[in-house]
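Numbering-wise, numbering that gives the first Met the number 0 puts 367 at position 368 of the sequence shown, and it's gapless, one number per residue.
We treat Cβ as the ideally placed atom computed from N, Cα and C, and that holds for glycine.
Note that the structure is predicted; figures quoted are calculated from it, not measured.
Below is one structure, written out as structure tokens, with a few remarks after it.
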Amino acid sequence: MASRVIPVDPFDLVIFGGTGDLARRKILPALFRRFVAGQIEGDVRLIGAARGDMDRDGYRAMARAAITEFGGEESARKKDLTAFLDLLDFVTLDARGTEGWEPLAALMRPDRIRAFYFSVAPALFGDLAKRLHKHGMADERSRIVVEKPFGRDLDTARDLNRTLARHFSEGQIYRIDHYLGKETVQNLMAIRFGNVLFEPLWNSQYVDHIQITVAESVGVGGRGDYYDKSGAMRDMVQNHMMQLLCLIAMEPPAKFEPDAVRDEKLKVIRALDPVARRNVVRGQYEGDGTQPGYRNQVGNRDSTTESFVALKAHISNWRWAGTPFYLRTGKRLRDRASEIAVVFKDAPHSIFGADAGRHRNILTIRLQPNEGIELGVTIKEPGPGGMRLIDVPLDMTFAEALGPEEADFPDAYERLIMDVIRGNQTLFMRGDEVEAAWAWTDPIIADWEEEGATPLDYATGSSGPDDALMLMHRDGRRWREIRP
Ligand code: NAP
Numbered sequence: 000m001a002s003r004v005i006p007v008d009p010f011d012l013v014i015f016g017g018t019g020d021l022a023r024r025k026i027l028p029a030l031f032r033r034f035v036a037g038q039i040e041g042d043v044r045l046i047g048a049a050r051g052d053m054d055r056d057g058y059r060a061m062a063r064a065a066i067t068e069f070g071g072e073e074s075a076r077k078k079d080l081t082a083f084l085d086l087l088d089f090v091t092l093d094a095r096g097t098e099g100w101e102p103l104a105a106l107m108r109p110d111r112i113r114a115f116y117f118s119v120a121p122a123l124f125g126d127l128a129k130r131l132h133k134h135g136m137a138d139e140r141s142r143i144v145v146e147k148p149f150g151r152d153l154d155t156a157r158d159l160n161r162t163l164a165r166h167f168s169e170g171q172i173y174r175i176d177h178y179l180g181k182e183t184v185q186n187l188m189a190i191r192f193g194n195v196l197f198e199p200l201w202n203s204q205y206v207d208h209i210q211i212t213v214a215e216s217v218g219v220g221g222r223g224d225y226y227d228k229s230g231a232m233r234d235m236v237q238n239h240m241m242q243l244l245c246l247i248a249m250e251p252p253a254k255f256e257p258d259a260v261r262d263e264k265l266k267v268i269r270a271l272d273p274v275a276r277r278n279v280v281r282g283q284y285e286g287d288g289t290q291p292g293y294r295n296q297v298g299n300r301d302s303t304t305e306s307f308v309a310l311k312a313h314i315s316n317w318r319w320a321g322t323p324f325y326l327r328t329g330k331r332l333r334d335r336a337s338e339i340a341v342v343f344k345d346a347p348h349s350i351f352g353a354d355a356g357r358h359r360n361i362l363t364i365r366l367q368p369n370e371g372i373e374l375g376v377t378i379k380e381p382g383p384g385g386m387r388l389i390d391v392p393l394d395m396t397f398a399e400a401l402g403p404e405e406a407d408f409p410d411a412y413e414r415l416i417m418d419v420i421r422g423n424q425t426l427f428m429r430g431d432e433v434e435a436a437w438a439w440t441d442p443i444i445a446d447w448e449e450e451g452a453t454p455l456d457y458a459t460g461s462s463g464p465d466d467a468l469m470l471m472h473r474d475g476r477r478w479r480e481i482r483p
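As structure tokens, then:
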């Protein structure tokens, strides 16, 4: 049974940086797929904007190529594609210049929702906000979508928040973290707050620990320049992993409404203890004969930027005191696999004796690949061999449970862009959340810089540096295997 698609209200959307990598790989294909799904109807204007000298036809040709390459199966629907491309326009402008802004303002229609997607370098966010304001495009119908990274530390994030606040209210600013647009991530909230089964157990009395892994098998690729100035802590932990941690750990909000949810997430971040040096491991991948190591790849022989981080975090509140949260993320690891594992404590007493072994319930939320949820339960091994226990998964791979059609989830960008148009900020980060996240990660980064230590090497295709394994071993625990 296909889910019902409710069309959004007519809108004008400007994509600043409309010719860039993100626009071509994600934003335009996402809009196209929503168009094919019937969520975007004809009365919509989509305007690319960049410095490049391009006209409307040139932009449509570029968009056609991008959607054909990245738009999935739907892009084979030529009639739909042509109809979609008819919605596109292009304006040449410089975020820091004067030309092009009046023509852009002239394209905006009265009584339409106006969305401005800042898909340009963060250094230009303030310039764009200022010019939108100056040219009368920052009114109550307007909203801006701001890409990551949102600052590179607390000070720069605060500056950026202040700059944007001069021209737009908090209710108009959509700070995007595409992890929040993932179906499974939202399912995490549905599972927690839509079932009576889990919430009573969701605390330090029953949960031994929680592991969050975001593992990539690829290296930095062509993003070396950006990545080397950022590193895994800034690129992944401060934003994506922090958001996952918040959704796992937060108290039930009174309502599924933007500020109710974001208030609870903020409380989690503020309850995080500072992380002791011994509880953080960072690494850098080595080459493997066929692929270059990190330093060669980014072209910086002295780079001390980490491509891997593992850490142990504690949340000092009533619910989680004593339950560690282990986070790890890295590139060039064994496989591409992202998951959250809630590892429950042992049963208080085993009636089956020592031979039965140690068995634990683990709830695994798989973000990629094979989005789904799995609950490990202990049962009797079938057969006449006595009371031997084994663990089996109650597996709900969405593609199997829901059928391929239902499980063909909209990409995170599809959902998030539609939320912008609908004016729903629940899945976007609030300014104070971003600042609190930086306030927690800044001292960790400052400690590395002060210490001047280089990251530990780890082999391409491994699970990261051995010290990351030790982080768990010394607590008598183990990371789950990185596997898709
Ligand atoms: P990109 O490929 O370098 O594209 C940048 C775009 O901005 C181009 O369209 C460029 O066109 C335009 N631009 C540059 N300077 C401009 C100016 N002064 N005025 C107006 N337009 C200007 O970058 P990207 O990878 O698409 O990334 C865009 C943003 O998304 C960045 O903030 C990035 O951090 C973020 N992001 C990207 C990804 C990704 O996968 N690519 C993922 C997450 C976040 P002209 O040169 O013709 O002006």
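What is the rounded straight-line gap between the Cα of M0 and the Cα of G180?
Here the question's residue 0 lines up with position 1 in the sequence shown. Here the question's residue 180 lines up with position 181 in the sequence shown. Residue placement at M0 cannot be trusted, given a pLDDT of 47 that sits under 50; the coordinates are not used to answer.
For F124, collect the residues of the same chain with a Cβ closer than 8 Å to its Cβ; drop the 5 residues on either side in sequence, then sort them by chain order.
By 1-based counting over the sequence shown, the position of residue 124 is 125. If we look at F124 and ignore the five residues flanking it on each side, its Cβ neighbours are F117, V145, L159, T162 and L163.
Give the secondary structure of G125 by DSSP, where H, G and I count as helix, E and B as strand, and everything else as coil.
Locating residue 125 in the sequence shown gives position 126, counting from the first residue. Of the three classes helix, strand and coil, the one that applies to G125 here is helix, per DSSP.
Terminal residues of the continuous alpha helix (DSSP H) containing S444?
Along the sequence shown, one-based indexing puts residue 444 at 445. Note that residue 444 corresponds to Ile in the displayed sequence, not to Ser. Here the alpha helix (DSSP H) through I444 covers G430 to E450.
Who are I172's beta bridge partners in DSSP?
Locating residue 172 in the sequence shown gives position 173, counting from the first residue. BP columns for I172 point to I143.
Would G329 pass as a contact of G463 if the rule is Cβ separation under 8 Å?
Translated into positions along the sequence shown, residue 329 becomes position 330. Translated into positions along the sequence shown, residue 463 becomes position 464. Contact: yes.
Select from E139, G356, T183 and T304 the residue whose C-alpha is nearest the C-alpha of N369.
As a first step, residue 369 is located in the sequence shown; it is residue number 370 there, counting from the start. The shortest C-alpha separation from N369 is found at T183.
Compute the minimum distance between the beta carbon of T18 and the heavy atoms of ligand 1, and state whether it is under 7 Å.
Here the question's residue 18 lines up with position 19 in the sequence shown. Under cutoff, so the answer is yes.
Pick helix, strand or coil for M0, following the three-state DSSP scheme.
As a working mapping, residue 0 is identified with position 1 in the sequence shown. Interpretation of M0 is limited by its pLDDT of 47, a score under 50 that renders its predicted location unreliable; the figure taken from the coordinates is listed afterwards. M0: coil per DSSP, three-state reduction.
Go to P117, then tell me how far its beta strand (DSSP E) extends in each direction, as first and last residue.
Looking up residue 117 in the sequence shown gives position 118. Looking at the sequence provided, one finds Phe at residue 117 rather than Pro. Element bounds for F117: I112 to F117.
Three-state secondary structure (DSSP) of P199
Indexing the sequence shown from 1 puts residue 199 at position 200. Annotated three-state conformation of P199 is helix, per DSSP.
Could you check if S118 belongs to the surroundings of ligand 1, using beta carbon to heavy atom distance under 7 Å?
Stepping through the sequence shown from its first residue, residue 118 is reached at position 119. Within the cutoff, so yes.
Among the candidates D88, K129, S141 and R151, whose CA atom is the shortest distance from the CA of P109?
Along the sequence shown, read from residue 1 onward, the residue named residue 109 stands at position 110. Per the Cα distances, S141.
Taking A164 as part of the alpha helix (DSSP H), name the residues at either end of that continuous run.
Along the sequence shown, read from residue 1 onward, the residue named residue 164 stands at position 165. Where A164 is concerned, the enclosing alpha helix (DSSP H) starts and stops at L153 to A164.
Let me know the secondary structure DSSP gives Q424 once reduced to three states.
Within the sequence shown, residue 424 is the residue found at index 425, counting from 1. Three-state DSSP puts Q424 in coil, outside helix and strand.
By the three-class DSSP mapping on this structure, what secondary structure does R44 have?
On the sequence shown, position 45 is the one that residue 44 refers to. Looking at R44 - three-state DSSP - the assignment turns out to be strand.
What do you get for P347, buried or exposed, if any count of 16 or more other CB atoms within 10 angstroms of its CB means buried?
The residue given as residue 347 occupies position 348 in the sequence shown. Flag for P347 reads exposed.
Enumerate in chain order the residues of its own chain whose CB-to-CB distance from L87 is below 8 Å, with the five nearest sequence positions on each side excluded.
Mapped onto the sequence shown, residue 87 falls at position 88. L45, I46, G47, R55, Y58, R59 and A62.
At a cut-off of 7 Å, would you count P148 as near ligand 1, judging by its Cβ distance to the nearest heavy atom?
Counting from 1 along the sequence shown, the entry for residue 148 is found at position 149. Checking the Cβ of P148 against ligand 1 gives yes.
Write down the C-beta distance between V206 and F343 rounded to the nearest angstrom, noting that I regard them as a contact closer than 8 Å.
Position 207 of the sequence shown, counting from 1, holds the residue named residue 206. Position 344 of the sequence shown, counting from 1, holds the residue named residue 343. About 6 Å; that satisfies the 8 Å criterion.
Just checking my contact of E215 with R318 at CB under 8 Å: how many whole Å lie between their CB atoms?
To locate residue 215, count along the sequence shown from 1; it is residue 216. To locate residue 318, count along the sequence shown from 1; it is residue 319. Contact doesn't hold; Cβ gap of about 31 Å is too wide.
Can I247 and L187 be called in contact, C-beta distance under 8 Å?
Counted from its first residue, the sequence shown places residue 247 at position 248. Counted from its first residue, the sequence shown places residue 187 at position 188. Against a cut-off of 8 Å, the Cβ pair of L187 and I247 comes out as a contact.
Local conformation of Y205 per DSSP, three classes:
Within the sequence shown, residue 205 is the residue found at index 206, counting from 1. Here Y205 sits in coil by DSSP.
Where F192 sits in the DSSP three-state scheme:
Within the sequence shown, residue 192 is the residue found at index 193, counting from 1. Note: F192 maps to helix in three-state DSSP.
Got a sec, what are the start and stop residues for the beta strand (DSSP E) D456 sits in?
Taking the sequence shown and counting its residues from 1, one reaches residue 456 at position 457. Here the beta strand (DSSP E) through D456 covers L455 to Y457.
Quick check: is any heavy atom of ligand 1 less than 7 Å from the C-beta of A49?
For the purposes of this step, residue 49 is taken as the residue at position 50 of the sequence shown. Checking the Cβ of A49 against ligand 1 gives yes.
Have a look at M136, D446, G321 and D224 and flag the residue whose alpha-carbon is nearest the alpha-carbon of N204.
Taking the sequence shown and counting its residues from 1, one reaches residue 204 at position 205. For clarity, residue 204 is Gln in the given sequence; the question names Asn instead. Q204 has its Cα closest to that of G321, out of M136, D446, G321 and D224.
What three-state label does DSSP hand L277 in the structure shown?
Reading the sequence shown from its first residue, position 278 is the one you call residue 277. The sequence given here has Arg at residue 277, not Leu. If DSSP states are grouped into helix, strand and coil, R277 belongs with the helices.
If you run the structure through DSSP and keep just helix, strand and coil, what is R359?
To locate residue 359, count along the sequence shown from 1; it is residue 360. Looking at R359 - three-state DSSP - the assignment turns out to be coil, as it is neither helix nor strand.
Cα-Cα, which of A49, E432 and R76 is closest to E485?
Since the first and last residues shown for the chain are 0 and 483, residue 485 lies out of range.
The beta strand (DSSP E) enclosing I339, as first and last residue numbers
As a working mapping, residue 339 is identified with position 340 in the sequence shown. A336 to F343 is the extent of the beta strand (DSSP E) around I339.
Identified DSSP bridge partners for Q367
The sequence position of residue 367 within the sequence shown is 368, counting from 1. Beta-bridge partners assigned by DSSP to Q367: S337.
Tell me whether D93 counts as near ligand 1, meaning its Cβ is closer than 7 Å to at least one heavy atom of that ligand.
As a first step, residue 93 must be located in the sequence shown, where it is residue number 94. At least one heavy atom of ligand 1 sits closer than 7 Å to the Cβ of D93.
Report yes or no: do three or more beta-carbon pairs, one from the segment 294 to 312 and one from the segment 270 to 281, lie closer than 8 Å?
Yes, the segment 294 to 312 is in contact with the segment 270 to 281.
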